[in-house]
Every structure is written in C-alpha cells, then in structure tokens.
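Protein chains in written order, with our numbering: chain E, 616 to 996; chain U, 2 to 263. Beta carbons are placed, not taken as given, at the ideal position from N, Cα and C, and that holds for glycine. Note sheet for the following structure.
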Ligand SMILES: Cc1cc2nc3c(=O)[nH]c(=O)nc-3n(C[C@H](O)[C@H](O)[C@H](O)COP(=O)(O)OP(=O)(O)OC[C@H]3O[C@@H](n4cnc5c(N)ncnc54)[C@H](O)[C@@H]3O)c2cc1C
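Following this line, the structure appears as structure tokens:
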C-alpha cells in the first residue's frame with residue numbers, strides 16, 4: 616500500500632492549490648451570492664487544462680487518471696463549492712462519450728469538452744424518474760436518419776450553459792430500463808429548449824434547468840452506445856459521478872473544518888479560547904477523523920476505477936459515507952462558531968446548506984445503501 | 002524575435018528572517034517562487050512572441066534549486082531555459098550578477114530583446130537590468146508599463162513617480178517591466194507536466210568564459226553589512242485639544258524631530 620502521490624500528481628496539485636488560493640477562494644462568497652454562472656472560473660479551469668483530466672491526450676485531455684481528477688475536485692470544492700459542482704457535472708458528459716463514444720463522436724464532442732472549450736451536462740432525471748432512473752419517459756423514436764426526442768428533464772446541472780448534453784431517453788418503452796438509449800444533443804438543436812431554473816437551498820450560481828424536447832431531431836450518429844444500452848451508460852456514468860460527489864463532499868467538509876479550527880482558537884469565552892474546551896476539541900477530532908476516512912474511501916474507489924477493477928460498490932460506499940460526513944462536519948462547524956456560525960458573516964452556514972446536496976444528488980443515501988446492500992448480499996449471502 | 006528573460010528565484014514569504022552571523026537571508030524551509038515582476042517579464046515576452054514569432058529563452062543565475070523557477074517559466078510557455086550555476090557564482094552582488102547574465106546573453110547570441118522585472122522582491126535593488134544593458138552596450142528602458150515593437154524599434158511607456166515617459170529605442174535593448182504591464186498567465190497543467198520533464202541547460206562560469214575576478218565574492222564590491230526587517234511603524238500619536246494649543250504642540254514636535262526645512 617502506497618499513499619505517496621506520483622510526481623505528476625504532486626506537480627498538478629501544487630499548481631491547482633495555488634490557483635484555488637489565489638483565484639477561487641478569495642471570491643467564493645461573491646461567486647455564490649452572485650446567482651450567475653461563474654463564467655470566469657469555468658474559463659480558467661479550461662485554461663488550466665482541468666476539464667479533461669482523465670481524457671487521453673489524443674482527445675485533448677491531460678491523460679491523467681481518475682484519482683488525480685478526484686484530488687483536483689477536492690481542491691476546487693474546498694475553495695469554491697460552486698466551481699467544484701460545475702467541474703463534477705461536466706464529467707458526467709465527458710465520461711460517457713469517452714467510454715461509449717465512436718471515434719467520430721470523440722473527435723466532434725469529446726475534444727472540445729476536454730479542452731474546456733465546451734461545457735457538458737448529463738440529463739437523466741425527470742419529474743417521474745428520480746431514484747427510479749429506469750422510469751425515464753422521454754421518448755426517442757427513430758425516423759429515417761434521425762431520432763425524434765420528446766419529453767422533459769429536470770434539475771440538470773450546467774443546463775443552459777453547457778453546449779453538449781448526454782441525454783437518456785426511451786427507444787423501446789415496453790422494455791423499461793432495457794429500452795433506454797443515450798444520445799448526444801447539442802445546445803441549439805431545434806426543438807431543444809431550456810425551461811425553469813430551480814431555486815435551491817444553496818448553489819444559486821449553479822444552473823439546474825429543465826431541458827424540454829419537442830419533436831427534437833437528433834441525427835442517428837448521435838446515439839451514444841448501442842440502442843438499448845442507455846441504462847448501462849447512465850449507471851456507469853453515475854458510478855464515476857459518485858466518486859465526484861464523494862470528493863465534492865470531502866472538499867466542502869474540509870473547508871468547514873479549516874474554518875472551525877482557527878475560529879476556535881481565536882474565540883474566547885470564560886477567559887479562554889474555546890479550543891481549550893474538551894467539548895470543542897472532541898468535535899474537531901471527530902470532524903478530522905471522519906473527513907480522512909471519507910477521503911480514503913473516495914481515493915480507493917478512484918484507484919479501483921484506474922486499475923480497471925470493479926468499483927461500483929466502493930463508489931457507492933464513498934459517496935454515501937462522504938456525503939453524510941460532509942453533513943455532520945459542516946453542522947459541527949456551525950456549532951463551533953455558535954451564533955456567528957448561523958449568520959452570513961461566516962461561510963459555515965453556507966457549507967452546511969451546500970453539503971446537504973451530496974446526500975441527494977446522483978442517488979440519494981437510500982439508493983446508495985440499496986446498491987451497497989445488493990453487492991454485500993450477493994457477495995456474502 | 003529572439004527574446005531572453007532573466008528571472009530570479011526569491012523566497013515566497015515577505016516575512017524574511019536573517020541569519021545574525023552572516024547577515025544573509027535564511028532561505029531554508031521557505032518556498033522559492035519566481036520573482037513576481039519577472040513573471041510579468043515572462044508574460045511580456047510570450048505576448049511579443051505571439052505577435053511577432055520567435056523564441057523565448059529564460060535565464061536564471063542561482064543554486065541548483067532555482068531550476069524550479071525556470072520550470073515555472075517553461076510551464077508558462079517559454080521555449081528554453083538556462084541555469085547559470087557554479088560554486089564560483091556564490092556571493093555575487095548585482096554587479097557580478099549582471100556580468101554573468103550579460104555573458105549568457107552574449108553566448109546565446111543574436112538576441113533582440115532582454116526583459117527583466119523592475120527589481121527582485123528580496124534585494125529590491127533594480128540594478129541587474131541596467132547593469133546588463135551597460136555590459137552589453139544595449140539601450141535600456143526601465144519601469145516599463147507598455148511595450149510595442151515595430152520596424153526594429155521598441156516604443157515603451159515608462160512609469161515614473163508622477164509622470165509617464167514614452168521613449169523609443171533601437172533593438173537590441175534591455176527592458177525592465179512593472180507589475181501593471183500585464184497579468185501573467187496561469188500555466189496549464191499540460192505545460193506544467195511538459196516543463197517537469199524538460200531539459201534545462203546548465204552553464205558554469207567556465208562555459209561563459211567568465212573572468213573569475215568578475216563573479217562571485219571576488220567580483221562583488223558590495224558587502225552586505227547588516228540586513229534586518231524594518232521596524233514596525235507605530236500607529237502614530239493623536240494630539241487632542243483646542244486647535245491653537247494642538248498646533249503649538251505639533252510645531253514643537255516637528256522642531257524636536259528636526260525635520261522642518263530650514
Ligand atoms: C442540485 C441538484 C443537481 C442535480 N443535477 C442533476 C443532473 O445534472 N442530472 C440529472 O440527471 N439529475 C440531477 N439531479 C437530480 C438528482 O439526481 C435527483 O434529485 C436524485 O436522484 C433523487 O431523485 P428525486 O429527486 O426524484 O427523489 P425521489 O426519488 O423522489 O426520492 C424521494 C425520497 O424517497 C427515497 N426513495 C426513493 N425510492 C426509494 C426506495 N426504493 N427505497 C427507499 N427510499 C427510496 C429517496 O431516497 C428520497 O429520500 C440534481 C438534483 C439536484 C437537487
């Protein structure tokens with residue numbers, strides 16, 4: 616077992632940390648409160664070659680592994696959770712095209728995504744298909760050289776800003792989940808419009824839009840993977856996406872811990888810094904321990920992915936645990952700050968609201984437990 | 002355009018510590034960064050290359066670890082890096098440093114423009130650029146905030162205390178730049194990885210055919226006797242009372258401090 620970073624990982628992380636400290640963290644509050652797409656941050660991610668970390672160089676990527684992608688994700692999320700969320704959602708389009716795309720699809724769509732010239736989004740969720748992803752009702756009907764899409768997606772991160780959308784639709788409704796197929800749809804395609812942008816508990820600057828398809832013609836060349844493989848494409852994508860959500864959780868939890876510790880040393884009550892009280896110390900100890908455990912689970916899942924080993928269960932474990940750790944750690948951080956923690960003067964109340972998302976998105980905690988239980992019962996039953 | 006940028010690795014922190022024995026800055030344990038003004042010089046060079054074509058070579062004189070600074074310049078997009086490193090260079094003051102750097106520029110040959118930062122944030126002398134110009138016999142433009150090249154001539158806007166000065170010089174020239182000239186680009190990770198693997202040319206004093214009496218301790222007439230962090234400025238004294246009375250007391254203090262013009 617070796618936890619040492621490779622020289623390349625170390626070099627990348629050093630630069631990314633510097634970038635985060637100089638360019639993201641100082642205006643994270645502003646980025647959040649603006650309620651507008653963080654275009655400048657996203658452009659910088661492209662300039663830094665961070666939008667295609669696990670994409671081979673021949674497709675415009677950095678040719679690094681998913682572990683490096685995850686480590687960068689932690690830094691981004693820690694410095695500016697919104698930017699981290701854009702980075703995470705972008706991969707949900709990058710990954711399925713990388714894994715299932717034809718050479719033409721890769722040249723046309725993956726290259727600009729990996730270079731950060733285009734932003735990606737992934738549309739699975741619908742009003743009637745949340746946890747039950749197989750219940751997708753958006754239809755894609757073959758007509759000559761096209762498929763005609765009809766239906767509505769909701770909550771889609773990067774929606775409206777992204778140029779490239781990976782959309783899960785049903786080509787054979789009678790076959791349920793096995794009748795789903797994945798498509799690449801470009802922004803601007805006639806019949807593809809954006810609807811409501813959700814107002815949320817946090818991340819006002821992250822768009823979560825409705826995608827509305829009305830007789831939207833998509834050329835058959837944009838079918839991603841085989842017809843009927845849509846559920847597989849979606850599950851594989853969410854598998855990697857869960858590593859992203861886990862590391863996003865680690866990032867926001869770390870931001871909370873890193874805010875709580877100095878505050879506890881500087882805040883005096885009863886004539887002493889509150890960090891001298893065991894009650895506070897024990898909170899900090901639990902926060903630090905759980906944070907490390909969450910990170911290690913996440914690294915393991917990413918490492919398994921990089922070794923081409925099965926990682927679905929481990930990614931679900933990492934996502935489940937890390938998201939719940941993020942909730943506990945950020946809640947404790949608010950507690951350490953006391954009344955000040957409840958105010959908008961300090962970032963910890965925002966971290967707590969942001970952390971909650973990770974227990975819901977890309978499969979709720981309940982869904983992760985179902986996935987994990989399926990594996991455990993199969994393996995040990 | 003054949004451009005040379007001279008850069009220096011400086012300690013990151015502004016909290017410098019000084020070795021009481023040697024009066025030298027303690028550099029151990031402090032991360033080295035590219036002198037911030039030199040980053041502007043690199044950026045200016047890259048922009049000129051983008052506009053006119055050519056090549057950007059970065060040169061630094063320093064210990065082996067100054068390689069890191071050169072790799073940063075390569076990551077930003079410089080084409081080639083040369084480290085002047087030799088035990089004989091140790092102790093070089095600005096006179097000796099400008100001698101060695103000028104020798105490197107001559108060895109590179111056919112150089113159209115030498116760019117430097119206006120000064121290094123550790124020594125703060127601002128002497129190396131002008132020193133090189135003198136050694137090379139090139140015209141010099143210091144404190145440059147705008148720069149443009151046309152028909153073999155360089156037009157520069159210099160920022161002085163209370164005025165700008167626009168001057169034109171013939172190439173080759175030495176130009177030092179201020180922070181406001183540009184926003185240094187963020188190095189992309191692809192270049193960072195490429196720079197990590199890049200070959201860095203190393204030149205010794207012998208490679209430069211340097212006169213040993215002109216470099217290192219022997220070539221450095223400047224002796225640093227003492228270095229210390231500036232005294233923290235006190236927050237000042239607030240005089241309260243009736244205007245007449247306060248004026249009286251203030252005049253007394255000024256007289257006492259002996260700072261009034263006579
Ligand atoms: C900010 C944000 C960003 C998002 N981004 C995207 C995106 O980019 N792309 C995309 O496709 N989707 C996206 N989503 C959607 C997200 O993935 C879904 O909200 C999530 O999967 C849950 O689905 P649901 O909201 O329909 O909840 P439901 O499925 O209705 O769940 C409601 C509750 O019931 C529980 N539950 C449901 N089924 C079971 C069961 N069988 N056993 C036990 N408990 C169960 C759930 O755990 C939950 O507690 C986003 C959502 C948000 C809030």
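Using CA atoms only, rank isn't needed, just tell me which of U/3, U/77 and U/65 is closest to residue 1 of chain U. The structure shown has nothing for residue 1 of chain U, since chain U only spans 2 to 263.
Express the C-alpha separation of residue 143 of chain U and residue 90 of chain U in angstroms, rounding to a whole number. 25 angstroms
Between the segment 182-212 of chain U and chain E, which residues of the former have CB atoms less than 9 angstroms from a CB of the latter, in chain order? 186, 187, 188, 189, 190, 191, 192, 193, 194, 196 and 197
Beta-ladder partner(s) of residue 85 of chain U, from DSSP: U/62 and U/204
Do residue 838 of chain E and ligand 1 come close, with the Cβ less than 7 angstroms from some heavy atom? no
Let's see if you can read the secondary structure: which residues bound the alpha helix (DSSP H) around residue 254 of chain U? 244-258
Leaving aside the five residues before and after residue 128 of chain U along the sequence, list all residues of the same chain whose C-beta is less than 6 angstroms from its C-beta, in chain order. 95
Uninterrupted alpha helix (DSSP H) stretches inside the segment 147-221 of chain U (no shorter than 4 residues): 190-198
Beta carbons nearer than 9 angstroms to chain U: which residues of the segment 617-630 of chain E have them? 622, 623, 626, 627, 629 and 630
Rounded distance between the beta-carbons of residue 860 of chain E and residue 971 of chain E, thought under 8 angstroms: With a Cβ gap of about 12 angstroms, residue 971 of chain E and residue 860 of chain E do not count as contacting.
Compute the Euclidean distance between the alpha carbons of residue 176 of chain U and residue 93 of chain U, then round it to the nearest angstrom. 22 angstroms
Between residue 41 of chain U and ligand 1, is the CB less than 7 angstroms from at least one heavy atom? no
Secondary structure of residue 820 of chain E, DSSP reduced to three states: coil
From U/188, U/256 and U/219, pick the residue whose C-alpha is nearest to that of residue 70 of chain U; which is it? U/188
Reference residue 745 of chain E; option with closest CA among E/906, E/991, E/849 and E/871: E/849
Is residue 681 of chain E close to chain U? Criterion is C-beta to C-beta, closer than 8 angstroms. no
Let me confirm a value: residue 962 of chain E is counted as buried when at least 16 other C-beta atoms fall within 10 Å, else exposed. Which label applies? buried
Contacts that residue 1021 of chain E makes with chain U (C-beta to C-beta distance below 8 angstroms): Absent from the model: residue 1021 of chain E. The displayed extent of chain E is 616 to 996, so no value can be given.
Name the chain U residues that come within less than 7 angstroms of residue 663 of chain E, Cβ to Cβ? 187, 189 and 190
The segment 836-854 of chain E: which residues have C-beta closer than 8 angstroms to a C-beta of chain U, in chain order? none
At which residues does the alpha helix (DSSP H) containing residue 112 of chain U begin and terminate? Looking at the DSSP string, residue 112 of chain U is not in any alpha helix (DSSP H), and its letter there is neither H nor E.
Taking all protein chains shown into account, decide if residue 260 of chain U is buried (16 or more other Cβ within 10 angstroms of its Cβ) or exposed. exposed
What do you reckon, is the C-beta of residue 975 of chain E under 7 angstroms from a heavy atom of ligand 1? yes
So does residue 728 of chain E have its beta carbon nearer than 7 angstroms to some heavy atom of ligand 1? no
Step through the CB atoms of chain U and report whether any lies within less than 8 angstroms of the CB of residue 739 of chain E. no
Buried or exposed: which applies to residue 993 of chain E, given that a residue is buried once 16 or more other Cβ atoms fall within 10 Å of its Cβ? exposed
Closest by C-alpha distance to residue 40 of chain U, when choosing among U/245, U/137 and U/7: U/7
Closest residue to residue 628 of chain E among E/668, E/913 and E/926 (Cα-Cα distance): E/668
Could you give the distance in angstroms between the alpha-carbon of residue 751 of chain E and the alpha-carbon of residue 801 of chain E? 20 angstroms
Starting from the Cα of residue 655 of chain E, find the closest Cα among E/896, E/774, E/827 and E/820 and give me that residue. E/820
Which partner residues of residue 796 of chain E appear in the DSSP bridge assignment? E/784
Does ligand 1 have even one heavy atom less than 7 angstroms from the beta-carbon of residue 966 of chain E? no
According to DSSP, residues forming a beta bridge with residue 762 of chain E: E/757 and E/833
Can residue 625 of chain E and residue 666 of chain E be called in contact, C-beta distance under 8 angstroms? no
Assuming residue 703 of chain E and residue 688 of chain E are in contact, meaning their beta carbons sit under 8 angstroms apart, how far apart are those beta carbons, in whole angstroms? 6 angstroms
Is the segment 826-840 of chain E close to the segment 793-809 of chain E, with three or more CB pairs under 8 angstroms? yes
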